[in-house]
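This note's numbering numbers the first residue of the sequence shown as 1 and each following residue consecutively. Here a beta-carbon is modelled for each residue, glycine too, at the ideal position from N, C-alpha and C.
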Amino acid sequence: MRQSTLFTKTRREAPKDEVSKNAQLLVRAGFVHKEMSGVYSFLPLGLRTLERIVNIIREEMNAIGGQEVLLTTLQDPGAWKKSGRWDDAVVDVWFKTKLKNGGELGLANTHEEALTALMVDHIASYKDLPRYVYQFQNKFRNETRAKSGIMRAREFIMKDLYSFNRDETEFKTFYEQAAAAYLNVFRRAGIGEKTYRTFASGGSFSKFSDEFQTVCDAGEDTIYIHDGKGVAINQEVYTDDVLAELGIAREELREAKAIEVGNIFPLGTKYSAALGLTFKTADGKDEPVWMGSYGIGPGRLMGTIVELLSDDKGLVWPAEVAPFRVHLVSLGRDGDAAARAAEDLYDALRNAGVEVLFDDRDLRAGEKFADADLIGIPTRIVVGRDSSEKGTFEVTDRATGSMELITREDILRTYHA
Ligand code: ATP
Ligand code: MG
Numbered sequence: 001m002r003q004s005t006l007f008t009k010t011r012r013e014a015p016k017d018e019v020s021k022n023a024q025l026l027v028r029a030g031f032v033h034k035e036m037s038g039v040y041s042f043l044p045l046g047l048r049t050l051e052r053i054v055n056i057i058r059e060e061m062n063a064i065g066g067q068e069v070l071l072t073t074l075q076d077p078g079a080w081k082k083s084g085r086w087d088d089a090v091v092d093v094w095f096k097t098k099l100k101n102g103g104e105l106g107l108a109n110t111h112e113e114a115l116t117a118l119m120v121d122h123i124a125s126y127k128d129l130p131r132y133v134y135q136f137q138n139k140f141r142n143e144t145r146a147k148s149g150i151m152r153a154r155e156f157i158m159k160d161l162y163s164f165n166r167d168e169t170e171f172k173t174f175y176e177q178a179a180a181a182y183l184n185v186f187r188r189a190g191i192g193e194k195t196y197r198t199f200a201s202g203g204s205f206s207k208f209s210d211e212f213q214t215v216c217d218a219g220e221d222t223i224y225i226h227d228g229k230g231v232a233i234n235q236e237v238y239t240d241d242v243l244a245e246l247g248i249a250r251e252e253l254r255e256a257k258a259i260e261v262g263n264i265f266p267l268g269t270k271y272s273a274a275l276g277l278t279f280k281t282a283d284g285k286d287e288p289v290w291m292g293s294y295g296i297g298p299g300r301l302m303g304t305i306v307e308l309l310s311d312d313k314g315l316v317w318p319a320e321v322a323p324f325r326v327h328l329v330s331l332g333r334d335g336d337a338a339a340r341a342a343e344d345l346y347d348a349l350r351n352a353g354v355e356v357l358f359d360d361r362d363l364r365a366g367e368k369f370a371d372a373d374l375i376g377i378p379t380r381i382v383v384g385r386d387s388s389e390k391g392t393f394e395v396t397d398r399a400t401g402s403m404e405l406i407t408r409e410d411i412l413r414t415y416h417a
């Protein structure tokens, strides 16, 4: 993509109405636009990054047998009344709306009810199980605090997967596969080393759920990490009883602030029983389906990457989630030799299948470098006078700042799809 055609502008100053680092940098770099508090639109660079994250998650969900769907945002109160969660006193983040001719609708904050009701049409016998269904879909939550930028939005995309199993053993096997897939997601997104599987509060069915918490000072949660076991305990379940149950002593733990990037949840038969999702067993009995739910917020994950990896110059994207692989910066002017060398390398990289942002704008070098640092694409290739005269290009790693002079041939050998 030619940067001269990109409609978004970068800003030198942080927006005054943002307190979080992720929102400040993402707005400055033109990745997102704040519509109002807790509500963000994704612009071309931001959308590309979000889509790369979504694709990592999609690959990992497909690898454990997930089938993708897209359910609606408008929800039927009927299903929620059956599970007892329509009441604002039970779920305090509801956004609800009204039909013209009377009657209420819900704006989705999660999809256990809707999907369980839907699966009644598709699951009848033990032969129809197990099933794993997921989506990337907009959730609405009337969050009271919206100070964490895109990490806590009132409208956000969630990946939510729901598991449907015959019995508890089959459920548990899948649950562990899902936990492993989650760790793959966070590793591939570049935050694996700081992300811990964390004992957190469960629901009416199980004592615990498992959160995935990324250690970061900007986090809203407090966790206690056991380095030896590589797991953590959320403050909300950090009691003497729980420590005894887990065989962990207080002295073995260190406290840290963390961001909840994912949450997986055993549901038992709570929703299947309430909504009539039963199946015939091999010996002809009717039993409720065993369920679990598995959420990740791709936007929260993107914000977490910013909080953890960015520096005082701007964003720093790991290669797997970066909006482009290479930022090609031309220092040429008006079709001079350097400008021609840059055009030539742009074509060659694109032909090799490399995603390139090509800074072909008529601006001073300093401005272009500042923008490149702010936008945070992993590799910057500068095309200057030396490139046309000596055939070498300055290649800089955004994360480490290390620079090398590399020939066109070596660039094409290193960067290809
Ligand atoms: P929190 O405790 O932070 O409010 P939650 O426990 O209510 O989150 P879940 O219902 O477990 O959230 O949602 C699953 C995942 O969706 C979370 O782990 C997180 O990644 C993401 N998520 C939840 N709320 C938001 C939000 N307001 N904005 C962006 N992502 C969110
Ligand atoms: Mg949660």
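query = With 16 other CB atoms within 10 Å as the buried threshold, where does PHE265 fall?
reply = buried
ask   = Does the count of Cβ pairs from the segment 219-228 and the segment 173-180 closer than 8 Å reach three?
value = no
ask   = Is the beta carbon of ASN101 within less than 7 Å of some heavy atom of the ligand MG?
value = no
query = Skipping 5 residues on each side, what residues in its chain have a beta carbon closer than 7 Å to that of ALA258?
reply = GLN213, THR214, VAL215, CYS216, GLY219, ASP221 and ILE223
ask   = Which of helix, strand or coil does DSSP assign to SER37?
value = coil
task = Tell me, please, whether the segment 287-295 touches the segment 326-335 by the rule of three or more beta-carbon pairs shorter than 8 Å.
result = no
ASP359 classed as buried or exposed, judged by whether at least 16 other C-beta atoms fall within 10 angstroms = buried
query = What residues in its chain sit with their C-beta under 6 Å from that of GLY295, if we drop five residues either side in the sequence?
reply = MET158, ASP160 and ASN263
Extent of the continuous beta strand (DSSP E) to which ASP221 belongs = 221-226
query = Within 7 Å: the Cβ of ARG145 and any heavy atom of the ligand ATP?
reply = no
inquiry  = So the candidates are LYS16, ARG340 and GLY299; which of them puts its Cα closest to the Cα of ARG385?
reply    = ARG340
ask   = Taking C-alpha atoms, which residue in VAL237, ILE191 and GLY192 lies nearest to PHE208?
value = VAL237
Best match in ASN22, SER201, ALA399 and LEU374 for proximity to TYR40 [C-alpha to C-alpha] = ASN22
key: Exposure of MET61, with buried meaning 16 or more beta-carbon neighbours within 10 Å   = buried
ask   = For ALA114, which residues from the same chain have a beta carbon less than 8 Å from its beta carbon, with the 5 sequence-adjacent residues on both sides left out?
value = LEU71, THR72, GLN75, ASP76, ALA79 and ALA108
ask   = When you compare each of ASN142, THR379 and LEU363 to LEU357 by their alpha carbons, which one comes out closest?
value = THR379
message = Let me make sure I understand the geometry here. Which of ALA273, VAL120, PHE95 and SER204 has the alpha-carbon closest to that of ASN138?
response = PHE95
query = Does DSSP put GLY247 in a helix, in a strand, or in coil?
reply = coil
message = Under 7 Å: does the beta carbon of GLU422 sit that close to some heavy atom of the ligand MG?
response = There is simply no residue 422 to check, as the chain begins at 1 and stops at 417 in what is shown.
Three-way DSSP call (helix, strand, coil) for PRO266 in this model = strand
inquiry  = What does the Cβ neighbour count give for HIS122, buried or exposed, with the cut at 16 atoms within 10 Å?
reply    = exposed
query = Could you give the distance in angstroms between the alpha-carbon of ASP392 and the alpha-carbon of ALA370?
reply = It is Thr, not Asp, that sits at residue 392 in the sequence shown. Rounded to the nearest angstrom, the two C-alpha atoms are 22 Å apart.
key: Cα-Cα separation, TYR134 to ASN101   = 33 Å
message = Considering just the uninterrupted stretch of the alpha helix (DSSP H) at TYR346, what are its terminal residues?
response = 337-351
ask   = Would you say ASN263 touches the ligand NAP, meaning its beta carbon is less than 7 Å from a heavy atom?
value = Of the ligands one can find in the structure shown, namely the ligand ATP and the ligand MG, none is the ligand NAP.
inquiry  = Let me confirm a value: PHE7 is counted as buried when at least 16 other C-beta atoms fall within 10 Å, else exposed. Which label applies?
reply    = exposed
inquiry  = Please tell me whether, using a cut-off of 7 Å, the distance from the CB of GLU394 to the nearest non-hydrogen atom of the ligand MG is below it.
reply    = no
ask   = Within 7 Å: the Cβ of GLU112 and any heavy atom of the ligand MG?
value = no
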